[in-house]
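A.B. asks: Dropping the structure in here first, questions after.
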Amino acid sequence: MNPSQRTRRRLGLGLFAALAAGIATPALAQVDAFPNRPIRVVVPYTPGGVSDAVTRLVMQKLSERLGQPVVVENRPGANGMIGSDNVAKSAPDGYSLLVVVAAHAINPSLYPKMTYDPLRDLTGVSMIGRIPLLLVSSAQLPPASVKALVSWGKANPNKMTFASSGNGSGAHLAGELFSQAVGMPMTHVPYKGIAPALPNLFSGQVAVIFDSVQTMMPQVKAGKVRALAITSPARWPAAPDVPTMAEAGYPAVTAGSWIGLIAPARTPPAVLAKLSAEMDAVVHQPDVRARLIDYGIDPVGGKSDQFQAFIREESVRWAAVVKKGGVKLE
3 MNPSQRTRRR
13 LGLGLFAALA
23 AGIATPALAQ
33 VDAFPNRPIR
43 VVVPYTPGGV
53 SDAVTRLVMQ
63 KLSERLGQPV
73 VVENRPGANG
83 MIGSDNVAKS
93 APDGYSLLVV
103 VAAHAINPSL
113 YPKMTYDPLR
123 DLTGVSMIGR
133 IPLLLVSSAQ
143 LPPASVKALV
153 SWGKANPNKM
163 TFASSGNGSG
173 AHLAGELFSQ
183 AVGMPMTHVP
193 YKGIAPALPN
203 LFSGQVAVIF
213 DSVQTMMPQV
223 KAGKVRALAI
233 TSPARWPAAP
243 DVPTMAEAGY
253 PAVTAGSWIG
263 LIAPARTPPA
273 VLAKLSAEMD
283 AVVHQPDVRA
293 RLIDYGIDPV
303 GGKSDQFQAF
313 IREESVRWAA
323 VVKKGGVKLE
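Take a look at the structure:
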């Protein structure tokens, strides 16, 4: 290479470096300035439910920390898939986010033809918390413990029924998991919501149900049902006398829901890191923790990669339960 060629090469490299710097600097500046406008958070369920109330509580606090409005938008339908599809196809810039529950990880096992891929098109930001379930039995039936229920159920297979709020619901899959874990066939009785199931549970026409602490503890205190166990790792403050499933002898029954914040895939890592750090701080504020526990939610928080790994694990775990239980939607 002669001197003039070397000079041209140096000039070319210098020009390339200058152009690259000019391209990269605005992008980095945008990440550093995030957020500089309102953030939209989609709740894929109707207003007024627990997921909606929890979202509004947490997002108000997140808005205060970020110094920008965080606007909650309800887009219900199709077991959360309408709102999820909307965010999955939004710009991956951190300004369109989505609140999801356990159905987000379970839906691929129940709906083979989805308009988006929950694991490919969306990614975790931070978990808000876990929602343990109570296993309760009718007070009209003999069993007063989980082991007694299993013994009674195996002796009375025609009476071993469990209610749920519908095919593919959290209560349905929790019942399937329990049936598989204890080796006891159970007949699923789906209802259109939990409320219609309660009279038959109270009367003993159905034996058991899995549902939230918030819903079931008032019925336990009224003597209409018995709380046999809770699916949380530790005993729940609002139900201190109820053993965990592990204490009851069935540690594999770790059913329950959860709620968390996710974003479109390919959102910049720096944006995800900032959002997850702020979400973790919000969830661990004493006043927010207290409110979440009142809702029956165990506050978690955590980093983006931790939440995404959890979602993947949940997807695999529930796919196995769905397949083994032959769960199909009507």
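According to the numbering used here, the residues represented by the sequence shown are 3 to 332, in order. Every residue, glycine too, gets a C-beta built ideally from N, C-alpha and C.
Mark lysine 276 as exposed unless 16 or more other C-beta atoms lie within 10 angstroms of its C-beta, in which case mark it buried.
C.D. replies: When all chains shown are included, lysine 276 counts as buried.
A.B. asks: Quick one: what's histidine 190 bridged to in DSSP?
C.D. replies: BP columns for histidine 190 point to Phe164.
A.B. asks: Comparing the C-beta of proline 270 with each C-beta of chain C, is any distance below 9 Å?
C.D. replies: Here chain C cannot be found, since the structure has a single protein chain.
A.B. asks: Just the C-alpha distance for asparagine 2 and leucine 175, rounded to the nearest angstrom, thanks.
C.D. replies: No information on residue 2 is available, as it lies outside the stretch 3 to 332 that the chain covers here.
A.B. asks: With a cut-off of 8 Å on the beta carbons, I'd call alanine 265 and leucine 99 a contact; round off their distance for me.
C.D. replies: Contact holds; Cβ gap of about 5 Å.
A.B. asks: Starting from methionine 247, trace the beta strand (DSSP E) both ways and give me its first and last residue.
C.D. replies: No beta strand (DSSP E) contains methionine 247, which DSSP labels as neither H nor E.
A.B. asks: Can you give the Cα-Cα distance for threonine 27 and glutamine 70, rounded to whole angstroms?
C.D. replies: Interpretation of threonine 27 is limited by its pLDDT of 42, a score under 50 that renders its predicted location unreliable; the figure taken from the coordinates is listed afterwards. For threonine 27 and glutamine 70, the distance between alpha carbons rounds to 23 Å.
A.B. asks: Should alanine 267 and aspartate 95 be called a contact, given that it needs their Cβ atoms to be closer than 9 Å?
C.D. replies: No, these two residues do not count as a Cβ contact at 9 Å.
A.B. asks: Since I believe alanine 248 is in contact with glycine 172 (beta carbons under 8 Å), could you give me their beta-carbon distance rounded to a whole number of angstroms?
C.D. replies: Glycine 172 to alanine 248, Cβ: 20 Å. No contact.
A.B. asks: Among the residues of its own chain, which have a CB less than 6 Å from the CB of valine 324, if the five just before and after it don't count?
C.D. replies: If we look at valine 324 and ignore the five residues flanking it on each side, its Cβ neighbours are Ser111.
A.B. asks: Here's the rule: buried if 16 or more other CB atoms are within 10 angstroms of the residue's CB, otherwise exposed. What is aspartate 243?
C.D. replies: Result: exposed.
A.B. asks: With three or more C-beta pairs closer than 8 Å as the rule, is the stretch 185-201 touching the stretch 151-168?
C.D. replies: These segments touch.
A.B. asks: If you run the structure through DSSP and keep just helix, strand and coil, what is leucine 21?
C.D. replies: Residue confidence is low: leucine 21 scores 46 on pLDDT, short of 50, so the model does not pin down where it sits. Its coordinate-derived value is still stated next. If DSSP states are grouped into helix, strand and coil, leucine 21 belongs with the helices.
A.B. asks: Check the DSSP bridge columns for glutamate 75 and list the partner residues they point to.
C.D. replies: DSSP lists Val44 as partners of glutamate 75.
A.B. asks: Should the stretch 114-122 be regarded as contacting the stretch 216-225, the criterion being three or more beta carbon pairs within less than 8 Å?
C.D. replies: Not touching, per the Cβ criterion.
A.B. asks: Return the chain-ordered list of same chain residues with a C-beta closer than 6 Å to the C-beta of glutamate 178, the five sequence neighbours on each side being excluded.
C.D. replies: These residues qualify, in order along the chain: Val323 and Gly327.
A.B. asks: Compare the beta carbon distance of glutamine 182 and aspartate 296 with 9 Å and say whether it is the shorter of the two.
C.D. replies: Against a cut-off of 9 Å, the Cβ pair of aspartate 296 and glutamine 182 comes out as no contact.
A.B. asks: Using only the alpha-carbon positions, how far apart do aspartate 282 and methionine 116 sit?
C.D. replies: Using only the alpha carbons, I get a separation of about 31 Å.
A.B. asks: May I ask which residues mark the beginning and end of the alpha helix (DSSP H) holding leucine 180?
C.D. replies: According to the sequence provided, residue 180 is phenylalanine. The question's leucine does not apply to it. Run containing phenylalanine 180: 172-184, per the alpha helix (DSSP H) assignment.
A.B. asks: In or out: valine 318 buried (at least 16 other Cβ within 10 Å) or exposed?
C.D. replies: Its Cβ having fewer than 16 others within 10 Å, valine 318 is exposed.
A.B. asks: Report the residue from Gly82, Val101, Thr163 and Pro40 whose alpha carbon sits nearest the alpha carbon of arginine 58.
C.D. replies: Checking every option, the nearest Cα to that of arginine 58 belongs to Val101.
A.B. asks: Per DSSP, which residues does valine 273 bridge with? Please list them.
C.D. replies: Beta-bridge pairing links valine 273 to no other residue.
A.B. asks: Quick check on DSSP: helix, strand or coil for valine 127?
C.D. replies: Note: valine 127 maps to strand in three-state DSSP.
A.B. asks: Tell me, please, which residues DSSP counts as bridged to proline 301.
C.D. replies: Proline 301 pairs with Gly131.
A.B. asks: Pop quiz: valine 329 and glycine 131 are said to be a contact at Cβ under 8 Å. What is the actual Cβ separation, rounded to whole angstroms?
C.D. replies: Not quite, the Cβ-Cβ distance comes to about 26 Å (not below 8 Å), so this is no contact.
A.B. asks: Use the C-beta contact count for threonine 48: other C-beta atoms within 10 angstroms, 16 or more gives buried, fewer gives exposed.
C.D. replies: The residue is exposed, with fewer than 16 neighbouring Cβ atoms inside 10 Å.
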